[in-house]
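So the sequence shown is numbered by my numbering: it starts at 11 and just counts up by one.
For glycine and all other residues, C-beta sits at the position ideal for the given N, C-alpha and C.
So the structure is just underneath, and the comments pick up after that.
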Amino acid sequence: MQGSLFEDDSPINAHNESLVRFRDLNDLYEQSKDCTKCRLAETRNNFVFGEGNPKAQIVVIGEAPGAEEDAQGRPFVGRSGKLLDKILEAIGFSREDVFICNIIKCRPPENRNPNLDEIQSCMPWLKTQLLLIKPKILLLLGRVAANTVLDNRQSMANLRGRILRWNGYDVIVTYHPAALLRNPNWKRHCWEDVKMLRSHYDSVC
Ligand code: URA
Numbered sequence: 011m012q013g014s015l016f017e018d019d020s021p022i023n024a025h026n027e028s029l030v031r032f033r034d035l036n037d038l039y040e041q042s043k044d045c046t047k048c049r050l051a052e053t054r055n056n057f058v059f060g061e062g063n064p065k066a067q068i069v070v071i072g073e074a075p076g077a078e079e080d081a082q083g084r085p086f087v088g089r090s091g092k093l094l095d096k097i098l099e100a101i102g103f104s105r106e107d108v109f110i111c112n113i114i115k116c117r118p119p120e121n122r123n124p125n126l127d128e129i130q131s132c133m134p135w136l137k138t139q140l141l142l143i144k145p146k147i148l149l150l151l152g153r154v155a156a157n158t159v160l161d162n163r164q165s166m167a168n169l170r171g172r173i174l175r176w177n178g179y180d181v182i183v184t185y186h187p188a189a190l191l192r193n194p195n196w197k198r199h200c201w202e203d204v205k206m207l208r209s210h211y212d213s214v215c
């Protein structure tokens, strides 16, 4: 393992009441899809829970649904999603092999950045998803996802290119596909990151 920023290796919360309240991922979906914990419920068309393998060893986490995701109720189905599909394919995975979701389950109007209170309201859904899926590896897409999950303010340059630990998960951070569409020069770094993801997966899963 390369340089780890985080000492804390403990599960998020061994006594998390979520595990008592939710039988499985389907049950969590049923109980979360009508969420009204924040104002985004008023403007969303769909709660975008996430999709993929409920027993995935890799969970891919983005920022928040965009217009297409909000319309379809599925994560990463717009332009960024098409690029994410290609990135996964390049390392031998399909969407069905991993679980794909976001920090925020409802689209912020005009794709503005999520507010802190919206993130705080929504994070328990993500944490419970992780407790139920029990992945080994998290792939965090972009700085918002990385800074939120890891609870820091580090730059992408500091975060990417190595394997971090957070709450018992191995964590790899790379550029958000939307950033790669704007700055194709960063694709080279992303390729290095996902090759590392593949070889780490092959050695621990
Ligand atoms: N961008 C994200 O962060 N998530 C999506 O689901 C789509 C675009």
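Proximity of the beta carbon of G72 to the ligand URA is indicated: a heavy atom of the ligand is located closer than 6 Å.
Each residue's CA atom was taken as its position, placing N36 and L136 some 14 Å apart.
Nearest Cα to V183 within the set G88, L141, L148, E78: L148. Note that the segment 31-47 does not touch the segment 69-80; fewer than 3 beta-carbon pairs, one per stretch, sit closer than 8 Å. At a cut-off of 6 Å, the beta-carbon of G171 does not count as near the ligand URA: no heavy atom of the ligand is closer than that. Rounded to whole angstroms, the gap between the alpha carbons of R84 and A156 is 21 Å. Distances from the alpha-carbon of Q41 to those of P134, P119, D180, G171 put P134 closest. C132 is a Cβ neighbour of K115, given a cutoff of 7 Å. Counting other Cβ atoms within 10 Å of its Cβ, E99 stays below 16 and is therefore classed as exposed. Your pair I129 and I113 checks out as a contact, with CB atoms roughly 6 Å apart and the cut at 8 Å.
Within a 10 Å sphere around the beta-carbon of S90 sit 16 or more other beta-carbons, which makes this residue buried. Inter-residue distance for G88 and P75 is about 9 Å (C-alpha atoms, whole angstroms). Between the ligand URA and the CB of F59, the shortest heavy atom gap is not smaller than 6 Å.
When the Cα atoms are used, D180 and I173 turn out to be separated by approximately 6 Å. Going by C-alpha positions, G102 is about 11 Å away from L207.
For the segment 55-126, the continuous alpha helix (DSSP H) assignments of 4+ residues that do not extend past its boundaries occur at 77-82, 89-100, in sequence order. A straight line joining the alpha-carbon of P119 with that of N55 spans about 11 Å. Within the chosen limit of 6 Å, the ligand URA does not reach the beta carbon of N56 with any heavy atom.
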